[in-house]
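Each remark here refers to the structure printed beneath this line.
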């Protein structure tokens, strides 16, 4: 019995000793897991604990303001609030969804797309649910703070376009970044939901306009209550932009275009500063801030007059008789007009077996270059075109910037077409016919130009050969490239004088542009009337068959400060429809400048006596 | 009246006792750290009161020879069962567990103390056998001693506590000797019962088990507690964030932070160093218990100490394992450390019993 008890005791001792092994193993396992969590993955978990504790509220930086050349603000910002969803705080998905759809009027499809789009983003990043919450939304959210801590308001400064439709095309608008832009490299540092410029100045100078977003890190407890402020970096407003646009001139131009379809561009021929760029019809960029409704968007998109299009640069038209100025430049340069043979116009002429007409069926009689420009005689330029040939015409037109983008600081500029035999071969694989040259000589046929190209070419003629880069940016607080390359063509001031003389006569000496004349101002100009359809069709379809109407000119003749181009789609005769609008712009410009000139001279005069007296006093 | 043998006093193991106090002090400190200034701040004071009660119980029980309990264990055991029955009728629920009895301002969980009674009862029963291996009858009778109270605790809805009865049975049966074929039969029974038991689990309990295998599946629902606990531990890194600096605990991200998850709070504030120190204290305690079991005067002493050891080890493993995200979440506190009176007093009583075995190892 005792022996058995002893062996039993020994067995128990053995079993006890053996069971120390599993105990040690348990402790090793627990310690190993601690090692893994605290030492190997410690910093990772520390970061997660920080995110648990900190909530980061983005303080979005307002974009820089945009002003005209006289520092009158055109675009500023207004405060607004967005509805944000903090996914980490959601207690009951169904209740949250119900609240959003029933109380805040978010459709469930919209909610779904927004949730889907930010699926990849970190959980502590809020999702934008509704932009620019109204006062009712704000009070609903504030009163349900306790039940729905996951839904909060985030301040978001929004664009305010002071003058609505005015200069809308060149200013552009702002919107949530598209997926396409997100992939591109145009907007560095942007992310899903970022507001970026979609068109115009807002887009092209987006990176000069954006500020630096700030951040407010608050400490929160597990139910999302703020218990302290950890850190705050304030947002920095974006840099200011000053444009070359003159608000007064722009307003006059927009008003003049009311009810019409077309564009007015005015520019300083000496440096390429664009003073006016108006396109009609227009749109209100405030409608895009924050978000345009699908209905409004469709209306804009499907409007046959395409109000979103900037007609100054995004559409090209036959230049018509305006092109005769380019022909004149080519003829002078090539020396074909040196001995000045008078051309006799009989109202029509035959080239390459086809009859070409002049605008005046009775004929202009014998003309020199000046009269040919002033009266816009086709026959004179048919003859010049025949002598020049298409290659030389094309070469000179290109030197004046036709058929190429002007390089204006706006997106989506069209280049237009300046045809040449090579161009024709390339695009339609057919040979150039000499008959086409005759059409091109009066700006018909394949040649097409934007109003901005025309104002630049006419500016070059005004200055005797300075081809500038038209631009809108005068000054940017955030730096940016203000170097606008220009080039000189060889014609020179002297040689081109006869063109200017012709343009002066057109306005001031009974020419086609007489409706642009202002007594005392040496305005020079050229009209253009582009036939859209043949005469026989004209009777059938009235409205769209009206001719396109051009006027392009500058002032003054000997001291060009401003060049203006007016283009009206289906407007009618250039001299009747477009010339008076150009006159308005010239008139406003010189009125304004006379005033400031007077002010300056008055100021100078009032200072004069004092300046004279001062030395006496000292002596 | 008080006639304490000098040899009895010499047998008192001060290091062991100090290790116990250190564990409880660390627990109380963390409870204060994580609840002070919050709505839970009454827990620290209560814990101190419980600790005092526990120490009184510890020393009072120490005065009695453990054989007194084992001799009367039949009556005590039956009384315990009666109390459990009573709880089924008059007990009240905390977190779906109808296992509490109100004693004035405090609630008491009789099932905690019942574990100790089961240990003594089973130790007594197994130690009456002198055979190398337990017979089938003894195994089944022993099983009945353990599983009758287990069933009642289950009926109270306290899964976590019910599960802790099992290691007592397993450890003492293995120690007393179990034949291979019986062991195999028992294991097979377990294997059959466990999946069957799955169907009796509540939905949330199934979820807690599933989440272990797929922790990322629903971090805001069932995985939330486990995830927050892991973040708390991990973010403590090597030396911890410091006293009262645990953002997970103090920020309220961690549920049950003063009770079942108090180890996570400690790991966050004291880091790897502090956590390993705590594990070290437990390990030290276990080796002292092993020694006591070996050196016990008789088989019943060995059995009692071993039963307590198994129970403690199970608690420590399950609790820390669940806090570390290795095991499903069960409502099991960390002995000596977690806030809670019933378990604290029960464990000090158990320790007293073991200390009693140690002190009386030479006394005849």
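Residue numbers (our numbering), protein chains in the order written: chain P, 137 to 755; chain R, 5 to 368. Using N, Cα and C, we set each Cβ at its ideal position, and we do this for glycine too.
Check	Outcome
Inspect the CB distances between the stretch 396 to 412 of chain P and the stretch 447 to 459 of chain P and report whether three or more fall short of 8 Å.	yes
Have a look at residue 230 of chain P and residue 331 of chain P and give me their C-alpha separation to the nearest angstrom.	30 Å
Could I get the ranges of all uninterrupted alpha helix (DSSP H) runs contained in the stretch 371 to 457 of chain P, with 4 residues as the minimum, in chain order?	383 to 393, 430 to 438
Evaluate the contact criterion for the stretch 304 to 317 of chain R versus the stretch 122 to 129 of chain R: three or more CB pairs, one atom per stretch, below 8 Å.	yes
From R/293, R/68, R/84, R/280, pick the residue whose C-alpha is nearest to that of residue 117 of chain R; which is it?	R/84
Count the CB pairs spanning the stretch 322 to 335 of chain R and the stretch 176 to 190 of chain P that are closer than 8 Å, and state whether there are at least three.	no
Nearest CA to the CA of residue 159 of chain P: which residue from R/271, R/293, R/265?	R/293
Excluding the 5 residues preceding and the 5 following residue 28 of chain R in the sequence, name in chain order all residues of the same chain whose CB lies nearer than 6 Å to its CB.	55, 340
Identify the contact partners of residue 163 of chain P in chain R, using a Cβ-Cβ distance below 7 Å as the criterion.	283, 287
Which stretch, first to last residue, makes up the beta strand (DSSP E) that contains residue 366 of chain R?	Run containing residue 366 of chain R: none; DSSP gives neither H nor E here.
Along chain P, in chain order, which residues have C-beta atoms closer than 7 Å to that of residue 297 of chain R?	152
State the CB to CB distance for the pair residue 756 of chain P and residue 663 of chain P, rounded to an integer number of angstroms; the pair is presumed to be in contact (CB under 8 Å).	Because chain P here runs from 137 to 755, residue 756 of chain P falls outside it and cannot be looked at.
Cutting at 6 Å between CB atoms, please list the residues of its own chain near residue 274 of chain R, excluding the five before and the five after it.	244
For the beta strand (DSSP E) containing residue 667 of chain P, name the first residue and the last one.	No beta strand (DSSP E) holds residue 667 of chain P; DSSP gives it neither H nor E.
Considering Cα atoms alone, identify which of P/307, P/548, P/530, P/552 is closest to residue 539 of chain P.	P/552
Using the beta-carbon count (16 or more within 10 Å), is residue 150 of chain P buried or exposed?	exposed
Please list, in chain order, all residues of the same chain as residue 501 of chain P whose beta carbon is under 7 Å from its beta carbon, the five residues on each side excluded.	480, 481
What are the complete alpha helix (DSSP H) segments, minimum 4 residues, inside the stretch 300 to 358 of chain P?	304 to 307, 315 to 319, 336 to 340, 342 to 345
Is the separation between the beta-carbon of residue 274 of chain P and that of residue 217 of chain P shorter than 8 Å?	yes
My understanding is that residue 425 of chain P touches residue 295 of chain P, with C-beta atoms under 8 Å, so please give their C-beta distance in whole angstroms.	4 Å
Decide yes or no for the touch test of the stretch 160 to 170 of chain P against the stretch 279 to 292 of chain R: beta carbon pairs closer than 8 Å, at least 3 of them.	yes
Would you report the Cα separation of residue 352 of chain R and residue 57 of chain R, rounded to the nearest angstrom?	9 Å
Exposed or buried, residue 165 of chain R, counting other C-beta atoms within 10 Å across all chains shown (16 or more means buried)?	buried
Just the Cα atoms here: how many angstroms apart are residue 280 of chain P and residue 289 of chain P?	12 Å
Taking residue 338 of chain R and residue 291 of chain R to be in contact with their CB atoms under 8 Å, please state how far apart those CB atoms are, rounded to whole angstroms.	At roughly 19 Å, the Cβ-Cβ gap does not stay under 8 Å, so residue 338 of chain R and residue 291 of chain R are not in contact.
With a cut-off of 8 Å on the beta carbons, I'd call residue 462 of chain P and residue 536 of chain P a contact; round off their distance for me.	6 Å
From residue 343 of chain P to residue 324 of chain P, what does the alpha carbon distance come to, in whole angstroms?	8 Å
Taking Cβ positions, are residue 458 of chain P and residue 616 of chain P nearer each other than 8 Å?	no
What whole-angstrom Cβ distance do residue 289 of chain R and residue 20 of chain R have, given they're in contact under 8 Å?	7 Å
Assuming residue 642 of chain P and residue 597 of chain P form a contact by the criterion Cβ under 8 Å, report the distance between their Cβ atoms to the nearest whole angstrom.	That pair is no contact at about 13 Å.
Looking at chain R, which residues of the stretch 167 to 182 of chain P have a Cβ within less than 8 Å of any of its Cβ atoms?	167, 169, 170, 171, 173, 174, 175, 177, 178, 179, 180, 181, 182
Candidates P/639, P/291, P/172, P/488: which alpha carbon is nearest residue 330 of chain R's?	P/172
Once the 5 residues before and after residue 334 of chain P are set aside, which same chain residues still bring their CB inside 6 Å of it?	309, 311
Any beta carbon of chain R sitting closer than 8 Å to that of residue 185 of chain P?	yes
Work out the CA separation of residue 546 of chain P and residue 620 of chain P for me, nearest whole Å.	14 Å
How many Å lie between residue 242 of chain P and residue 232 of chain R at the Cα?	33 Å
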